[in-house]
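So the sequences go chain by chain: A and B. 1 is the number of the first residue of the first sequence in the UniProt record's numbering; add one for each residue after it. 1 is the number of the first residue of the second sequence in the UniProt record's numbering; add one for each residue after it.
There are 2 protein chains.
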Amino acid sequence: MSRPTIAGVARAAGVSVASVSRVLNGLPATEEMTERVRRAVAELGYVPDARARSLKVGRTFQLTLAVADVGNPVYVTMMRAVEEVVSAAGYRLVVTTTGPDVVDEVALVQGMARGYADGLLISPIRVDEDLVKAIRACEVPVVVAGSVPSKAGVDTVRANSPKGMLLAVDHLTYCGRRRIAFLNGPADTVPGAARAKGFAEALRAHDLEPIAVAEAADFTFAAGRRVSGDVLRAKPNAVICANDLLAVGLMHELAAAGLDVPNDVAVVGMDDSELAEQSFPPLTSVNLGSAERGRRAAELLLARIDDNDRTPRRIVVQPSLSIRRSTP
Amino acid sequence: MSRPTIAGVARAAGVSVASVSRVLNGLPATEEMTERVRRAVAELGYVPDARARSLKVGRTFQLTLAVADVGNPVYVTMMRAVEEVVSAAGYRLVVTTTGPDVVDEVALVQGMARGYADGLLISPIRVDEDLVKAIRACEVPVVVAGSVPSKAGVDTVRANSPKGMLLAVDHLTYCGRRRIAFLNGPADTVPGAARAKGFAEALRAHDLEPIAVAEAADFTFAAGRRVSGDVLRAKPNAVICANDLLAVGLMHELAAAGLDVPNDVAVVGMDDSELAEQSFPPLTSVNLGSAERGRRAAELLLARIDDNDRTPRRIVVQPSLSIRRSTP
DNA sequence: CTCTGGCCTGTAAACGATTACAAGAACGAT
DNA sequence: ATCGTTCTTGTAATCGTTTACAGGCCAGAG
């Protein structure tokens, strides 16, 4: 006794499959018809098959979210926001981890042609020509959370890193710190490059010279710790970090070196993730609007699924600074 | 010019659709046939439709992972492990957040009958009769990460909280702490109940009386902070927390109260998540094997998808203690 | 030379829904 | 009473695969 199909329900209710389908999809039907179908559905415990439905209507009601590393708390924030929007719209979320390699991202984008999801929300950590091409050619709507050349002709939602950097430097100089170092992630990544550029500009705007710039191997706590020494040798009295994980890694090394945060060294993180609030001391962090980016990106994706002909939008979310205890 | 179908490939290659399908699925075919099909596939850029395939073969090659809160770092650890196992086996992972309500979990389990995934890996935060019934009746294989009555007849992988508690209490008494308090999450949850019981047993084994037991509204940082006061009023010299987030919340309150960790109060967390390592001071934490649980659970699920008649297994993962700086 | 058996390959029937189309019923207007 | 309109319902085609089945061909055995 296997799962009942729509045909079984139709038989049990003494009506046609078309009528069952109509009732189930809320199309007009008489009182009596609705009642008979409902009764048969309840009796048999019928649940429509999503696979069959997908094939016929050409939609799976699934969306794919691709991120580089689920362990990064900034993605947790984004994922929460995305989940909320898409599940409210009746979609499920397929979460995929791409890893740091761009070829995996390209493969993922091309694989979307299989049609297992109705859209893709991707936050690429590295971008190259192949990826742009793959995104252009993608069978399903794509929204990029991050920067991608405008010729990709795709909706994007990105942060304003330079402005965020400026907020951080403004705040630090206001606190009287002028020996500012920068702890970046890999500069060959999209966020790494943006932040490096933003940092240089922000210092220039304040007529300052960078004291030190270090690059961690990736955007993780462990990598941050490993290169903290390079930053500290320059004796900065403030360090801006490219994300919160790196900042927390740095603070551990500062504690190990017997330096006080914020008195000896002020620390500013970026992303304003949950970790910023949880770290000790609580981390002053540039809020790059990850929740809002997630939300807006999800909304763009839904809008594009409804109408794929709309002109691509490029949304920039403005940053703000969450001041906590790691700065004076 | 829409997506090519298998019929288009067949036409282009001058063969039948069956032959195309066979070549694509690696069934025996002559050298020449294989070559012609490959060429046509490449030329048209054909990619098989997952929706149609799912309908026919009755599988989607997707698995659902349902957790209560993606913000809890313990789920990040589990998710990583699960992703690794299932993607190696050729499955995609659908991540769903159930929220704290058991009715949502029941709805989720019942919704699996739609067949959008081939299996469900669920870590229920609360369990009731309805959920057990739903799991028993579920159309697709289910593996539970956590405790569920054995009559559910389902594969489970769970932690050994009592043993973990004992490790924590052993360690604290060894450090000379005997005024031990407990900061729990909601006691009406599965992990909350298990840990409360484990804590009581562990203290009894050491002939100790609990100094204080508090219950946070949920397993989050903010909730932990809010009830920390209740714990501290009893002037404990050690506090065991039901998870790392609660422990970090408590440590913030300790700092605010001017108390030193570990000298004034030793703190032990549970889960040994990434946060334990990142917090300051680094948190001594009971490793309940979340990565291993994720891995084993995923393996059980894959095995059951292969053979749904195997007798249910109940795996218990043993805990260990990761000693860091929050204890003397 | 014929027959049997074993490959390949193609035709067509699923899988389980949605939906275009047509047919029938009901009803009001003439 | 007849016609036309509208509303409901049923029949059957369709989505794009996989796969059971059968037919055709060839080789080897008798």
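Cβ coordinates follow ideal geometry from the N, Cα and C atoms, glycine included.
Self-check item: Helix, strand or coil at S150(B) according to DSSP, with G and I counted as helix
Solution: As a first step, residue 150(B) is located in the second sequence; it is residue number 150 there, counting from the start. Here S150(B) sits in helix by DSSP.
Self-check item: Alpha-carbon spacing of V70(B) relative to L321(B), whole angstroms
Solution: Position 70 of the second sequence holds residue 70(B). Position 321 of the second sequence holds residue 321(B). It is roughly 24 Å from the alpha-carbon of V70(B) to the alpha-carbon of L321(B).
Self-check item: Touch test, the segment 200 to 209 of chain B against the segment 129 to 148 of chain B, Cβ-Cβ under 8 Å, three pairs minimum
Solution: At 8 Å Cβ cutoff, the stretches do not touch.
Practice problem: Quick one: grab the DSSP three-state call for A242(A). | Solution: In the first sequence, residue 242(A) corresponds to position 242, counting from 1. The answer is coil: DSSP assigns A242(A) none of H, G, I, E or B.
Quiz item: For E139(B), does the three-state DSSP call read helix, strand or coil?
Solution: In the second sequence, the residue the question calls residue 139(B) occupies position 139. Coil.
Quiz item: In chain B, which residues lie less than 8 Å from A52(A) when you measure between Cβ atoms?
Solution: In the first sequence, the residue the question calls residue 52(A) occupies position 52. Going along chain B in sequence order, the residues near A52(A) (Cβ under 8 Å) are L55.
Quiz item: Quick one: which chain A residues come within Cβ less than 9 Å of L24(B)?
Solution: As a working note, residue 24(B) is residue 24 in the second sequence. Correct list: empty, because the minimum Cβ distance to chain A is about 12 Å.
Quiz item: Got a sec: is the Cβ-Cβ distance from E139(A) to anything in chain B below 8 Å?
Solution: In the first sequence, residue 139(A) corresponds to position 139, counting from 1. It does; some Cβ of chain B falls within 8 Å.
Quiz item: CA-CA distance, D49(B) and A117(A)?
Solution: The residue given as residue 49(B) occupies position 49 in the second sequence. The residue given as residue 117(A) occupies position 117 in the first sequence. Those two C-alpha atoms are separated by around 11 Å.
Practice problem: Compare the C-beta of T97(B) with all C-beta atoms of chain A and state if any pair is closer than 8 Å. | Solution: Mapped onto the second sequence, residue 97(B) falls at position 97. Chain A has a Cβ within less than 8 Å of the Cβ of T97(B).
Exercise. Look up R314(A) in the DSSP assignment and say whether it is helix, strand or coil.
Key: Locating residue 314(A) in the first sequence gives position 314, counting from the first residue. DSSP, reduced to helix, strand and coil, places R314(A) within a strand of the structure shown.
Quiz item: Using a C-beta cutoff of 8 Å, does P48(B) count as contacting chain A?
Solution: Within the second sequence, residue 48(B) is the residue found at index 48, counting from 1. It does; some Cβ of chain A falls within 8 Å.
Quiz item: Can you tell me whether DSSP reads P209(B) as helix, strand or coil?
Solution: As a position in the second sequence, residue 209(B) is number 209, starting the count at 1. It should be noted that the sequence gives Glu, not Pro, for residue 209(B). Coil.
Quiz item: Is Y174(A) close to chain B, meaning its C-beta is less than 8 Å from at least one C-beta of that chain?
Solution: By 1-based counting over the first sequence, the position of residue 174(A) is 174. Y174(A) does not count as touching chain B.
Quiz item: Nearest-angstrom Cα distance between G14(B) and S54(B)?
Solution: As a first step, residue 14(B) must be located in the second sequence, where it is residue number 14. As a first step, residue 54(B) must be located in the second sequence, where it is residue number 54. Answer to the nearest angstrom: the Cα atoms are 26 Å apart.
Exercise. Might you give, ordered along the chain, the residues of its own chain that have their beta carbon closer than 8 Å to the beta carbon of L250(A), omitting 5 neighbours on each side?
Key: Position 250 of the first sequence, counted from the first residue, corresponds to residue 250(A). Around L250(A): L183, G224, R225, S228, V231, V239, C241 and V267.
Quiz item: On the three-state DSSP scale, how would you describe T60(B)?
Solution: Position 60 of the second sequence, counted from the start, is the residue given in the question as residue 60(B). Residue state, collapsed to three classes: coil.
Quiz item: If we call anything under 8 Å between Cβ atoms a contact, is R325(B) one with P262(B)?
Solution: Looking up residue 325(B) in the second sequence gives position 325. Looking up residue 262(B) in the second sequence gives position 262. In contact: R325(B) and P262(B) (Cβ atoms closer than 8 Å).
Quiz item: Quick one: what's F182(B) bridged to in DSSP?
Solution: By 1-based counting over the second sequence, the position of residue 182(B) is 182. In the DSSP output, where bridge partners are listed per residue, F182(B) has V213(B) and I240(B).
Quiz item: List, in order along the chain, the chain B residues whose C-beta lies closer than 8 Å to that of L93(A)?
Solution: On the first sequence, residue 93(A) is found 93 positions in, with the first residue counted as 1. Neighbours of L93(A) on chain B, chain order: V94, V95 and T96.
Self-check item: Extent of the continuous alpha helix (DSSP H) run through D306(B)
Solution: Within the second sequence, the letter at position 306 stands for residue 306(B). That run of the alpha helix (DSSP H) goes S290 to D306.
Practice problem: Report the three-state DSSP secondary structure of R158(A) (helix, strand or coil). | Solution: As a first step, residue 158(A) must be located in the first sequence, where it is residue number 158. In this structure, R158(A) counts as strand in the three-state DSSP scheme.
Quiz prompt | Selection of the segment 273 to 289 of chain B by Cβ proximity to chain A, strictly under 9 Å | solution = Legend: CB atoms of the segment 273 to 289 of chain B lying less than 9 Å from CB atoms of chain A belong to residues E274, L275, E277, Q278, S279, F280, P281 and P282.
Quiz item: Is it a yes or a no for the segment 76 to 86 of chain A touching the segment 17 to 27 of chain A, going by three-plus beta-carbon pairs under 8 Å?
Solution: Between the segment 76 to 86 of chain A and the segment 17 to 27 of chain A there are fewer than three C-beta pairs closer than 8 Å, too few to call the two in contact.
Quiz item: By the criterion of Cβ-Cβ separation under 8 Å, what are the contact partners of F221(A) in chain B?
Solution: Taking the first residue of the first sequence as position 1, residue 221(A) is located at position 221. Proximity of chain B to F221(A) at the Cβ level (cut-off 8 Å) is accounted for by E274, E277 and Q278, in chain order.
Practice problem: Under 8 Å between beta-carbons, which chain A residues line up against R11(B)? List them in chain order, please. | Solution: One-based indexing of the second sequence puts residue 11(B) at position 11. Neighbours of R11(B) in chain A, taken as residues whose beta carbon is under 8 Å from its own, are absent, since the nearest beta carbon is some 19 Å off.
Quiz prompt | Min CB distance V248(A) to chain B below 8 Å | solution = Position 248 of the first sequence holds residue 248(A). Yes, contact with chain B.
Quiz item: By Cβ distance below 8 Å, which residues in the same chain neighbour A222(B) in space, the five residues on each side in sequence not counted?
Solution: In the second sequence, counting from the first residue as 1, residue 222(B) sits at position 222. Same-chain partners within the cutoff: G249.
Exercise. Using only alpha-carbon positions, find the residue among A234(B), M270(B), T77(B) and P282(B) that is nearest to E253(A).
Key: As a working note, residue 253(A) is residue 253 in the first sequence. Cα-wise, what sits closest to E253(A) is P282(B).
Exercise. Label G58(B) either buried or exposed according to how many other C-beta atoms from any shown protein chain fall within 10 Å of its C-beta, with 16 as the threshold for buried.
Key: Within the second sequence, residue 58(B) is the residue found at index 58, counting from 1. By the neighbour-count rule (16 or more Cβ atoms within 10 Å), G58(B) is not buried but exposed.
Self-check item: A112(A) and T77(A) closer than 8 Å at C-beta
Solution: As a first step, residue 112(A) is located in the first sequence; it is residue number 112 there, counting from the start. As a first step, residue 77(A) is located in the first sequence; it is residue number 77 there, counting from the start. The sequence given here places Met at residue 112(A); Ala does not occur at that position. Not a contact, by the Cβ cut-off of 8 Å.
Exercise. Apply the 10 Å Cβ neighbour rule to S150(A) and answer buried if 16 or more other Cβ atoms are within range, or exposed otherwise.
Key: Along the first sequence, one-based indexing puts residue 150(A) at 150. Counting of Cβ neighbours within 10 angstroms places S150(A) among the exposed residues, the total staying below 16.
Practice problem: Output the residue ranges of the alpha helix (DSSP H) runs that lie fully inside the segment 69 to 125 of chain A and measure 4 residues or longer, sorted by chain position. | Solution: Runs of the alpha helix (DSSP H) inside the segment 69 to 125 of chain A: 73 to 88 and 102 to 111.
Quiz prompt | Chain-ordered neighbours of M251(B) on chain A, where CB pairs are closer than 8 Å | solution = Along the second sequence, read from residue 1 onward, the residue named residue 251(B) stands at position 251. Residues of chain A with a Cβ closer than 8 Å to the Cβ of M251(B) are, in chain order, F280.
Exercise. Show which residues of chain B have a CB atom less than 7 Å away from the CB atom of T60(A).
Key: In the first sequence, the residue the question calls residue 60(A) occupies position 60. Correct list: R51.
Quiz item: Is it right to say Q62(B) is buried, meaning 16 or more other beta carbons lie within 10 angstroms of its own, or is it exposed?
Solution: Here residue 62(B) corresponds to residue number 62 of the second sequence, with the count starting at 1. When all chains shown are included, Q62(B) counts as buried.
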